[in-house]
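In my numbering, the protein residues as written are 1258 to 1643. For each residue, glycine too, the CB sits at the ideal point set by N, CA and C. Beneath this line is the structure, given in structure tokens, with notes to follow.
Right, here's the structure in full:
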């Protein structure tokens, strides 16, 4: 904004009246200007500079508004430590598990509490997924402390439970088993990740009969260190190839045409190996995605975009070829990352703490639960891209 100053009178005398009038016009103009939210991007990490009511995070061409009003009225006793996952159902309600008596809390799309469920299962509900194969959807949830999987109706009625996988012969006792995530294939196969236990993934058939296990503790390909989150989704075969290992072109003949039909794969957040494992449904690793991840906890998908809750202070976005789009809400203070002890008066809008769960709604808005003893759930509203 350009401001024209009053001209200095001849012979060096100051025209006080003219100068005061100019200053008055200047302050009147500047105070009437609207606040503008600015976004500063640095090496694919977004640092938002806050105007009074608006923080916009960007990753590549994607833009999200930090919704500071979501769940603003969430108070104790319903509000409790968040150390689990988040889902969005077909009605666009947001499901969050906590360590309190309101073990499963349901919010509407505006962040108001709809109801709470499963008080008898508090203190350990962790990863969860919807089972939409039947006439009515239901939930499947891992309980990390009890070492048990539970399925419930959408109103909280327990349908079945699944104990430790004794039939696997991989455990000496049930106390070694601490499942963190579950995922379902379209044929009903159930995958259970023992993320806080011995780092195996166990496979059950549609009748919940134990089939096999794969993984186990280690750093090599096919091994895992804290397989924390799981997702079954369909990918085109091209997504299972990185840009570095794309096959050489070959002459096209009836016998050489490759099947590029999308197929179901299991994505494993191999947290302490800092990578994703893209596996077929038999557990064979098809591709390893690494280099842009710190400690990936959980993964969600919206169209050709993936969001990963990274425990060390950010949410990472990848495209459908698993190339980096960018990071959202980078926590600049290393002491506030991967800890649940950050006091609420030290939280800042626009900055995550220790992202643990993540989900998209139908419109592509993001919901992120931080690992926090005080309970934190954040909504990022998708904005038109750049």
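Could you name the residues of the same chain whose beta carbon sits closer than 6 Å to that of residue 1544, not counting the 5 residues immediately before and after it, in chain order?
-> The sequence position of residue 1544 within the chain shown is 287, counting from 1. Closer than 6 Å at the Cβ level, and outside the excluded window around residue 1544, lie 1497 and 1535.
From which residue to which residue does the beta strand (DSSP E) around residue 1385 run?
-> Walking along the chain shown from the start, residue 1385 turns up at place 128. Element bounds for residue 1385: 1382–1388.
Beta-bridge partners of residue 1405, as assigned by DSSP = Residue mapping note: residue 1405 aligns to position 148 of the chain shown, counting from 1. DSSP lists 1400 as partners of residue 1405.
May I ask which residues mark the beginning and end of the beta strand (DSSP E) holding residue 1498?
-> Along the chain shown, one-based indexing puts residue 1498 at 241. Counting along the chain, residue 1498 falls outside any beta strand (DSSP E), and DSSP gives it neither H nor E.
To the nearest angstrom, how far is it from the Cα of residue 1602 to the Cα of residue 1432?
-> The sequence position of residue 1602 within the chain shown is 345, counting from 1. The sequence position of residue 1432 within the chain shown is 175, counting from 1. Taking the straight line joining both Cα atoms gives about 37 Å.
DSSP puts residue 1553 in a beta bridge; with which residues?
-> Within the chain shown, numbered from 1, the residue matching residue 1553 stands at position 296. Beta-bridge pairing links residue 1553 to 1567.
Inspect the CB distances between the segment 1614–1632 and the segment 1519–1535 and report whether three or more fall short of 8 Å.
-> no
Is residue 1440 closer than 8 Å to residue 1489 when the C-beta atoms are compared?
-> As a first step, residue 1489 is located in the chain shown; it is residue number 232 there, counting from the start. As a first step, residue 1440 is located in the chain shown; it is residue number 183 there, counting from the start. Yes, these two residues count as a Cβ contact at 8 Å.
Would you tell me roughly how many angstroms separate the C-alpha atoms of residue 1358 and residue 1382, rounded to the nearest one?
-> Counted from its first residue, the chain shown places residue 1358 at position 101. Counted from its first residue, the chain shown places residue 1382 at position 125. Their Cα atoms are separated by approximately 11 Å.
Check whether the Cβ atoms of residue 1485 and residue 1438 lie closer than 8 Å to each other.
-> Stepping through the chain shown from its first residue, residue 1485 is reached at position 228. Stepping through the chain shown from its first residue, residue 1438 is reached at position 181. Cβ atoms of residue 1485 and residue 1438: closer than 8 Å.
Are the beta-carbon atoms of residue 1609 and residue 1551 separated by less than 8 Å?
-> Numbered from 1 along the chain shown, position 352 holds the residue referred to as residue 1609. Numbered from 1 along the chain shown, position 294 holds the residue referred to as residue 1551. No, the pair does not count as a contact, with Cβ atoms beyond the cut-off.
Using beta-carbon positions only, say whether residue 1318 and residue 1605 come within less than 8 Å of one another.
-> To locate residue 1318, count along the chain shown from 1; it is residue 61. To locate residue 1605, count along the chain shown from 1; it is residue 348. No, they are not a contact pair.
Name, in chain order, the residues that DSSP records as bridge partners for residue 1533.
-> Mapped onto the chain shown, residue 1533 falls at position 276. Answer by DSSP bridge pairing, in chain order: 1526 and 1546.
Determine the contact status of residue 1567 and residue 1641, defining contact as a CB-CB distance below 8 Å.
-> Stepping through the chain shown from its first residue, residue 1567 is reached at position 310. Stepping through the chain shown from its first residue, residue 1641 is reached at position 384. It is not a contact, given that the beta carbons lie outside the stated cut-off.
Going along the chain, which residues of its own chain have a beta-carbon closer than 6 Å to the beta-carbon of residue 1565, five neighbours each way excluded?
-> Locating residue 1565 in the chain shown gives position 308, counting from the first residue. The residues are 1553, 1556 and 1573.
Alpha carbon to alpha carbon, how far is residue 1396 from residue 1379? Give it in angstroms, no decimals.
-> Here residue 1379 refers to the residue found at position 122 of the chain shown. Here residue 1396 refers to the residue found at position 139 of the chain shown. Straight-line Cα distance between these residues: approximately 16 Å.
Grouping DSSP H, G and I as helix and E and B as strand, with all else coil, what is residue 1279?
-> For the purposes of this step, residue 1279 is taken as the residue at position 22 of the chain shown. Only weak support is given to the placement of residue 1279: the predicted model assigns it a pLDDT of 44, under 50, and the value that follows is read from those uncertain coordinates. Correct three-state label for residue 1279: helix.
So residue 1425 and residue 1470 are in contact, right, with Cβ under 8 Å, and what is the actual spacing, rounded?
-> The sequence position of residue 1425 within the chain shown is 168, counting from 1. The sequence position of residue 1470 within the chain shown is 213, counting from 1. 5 Å between Cβ atoms; contact.
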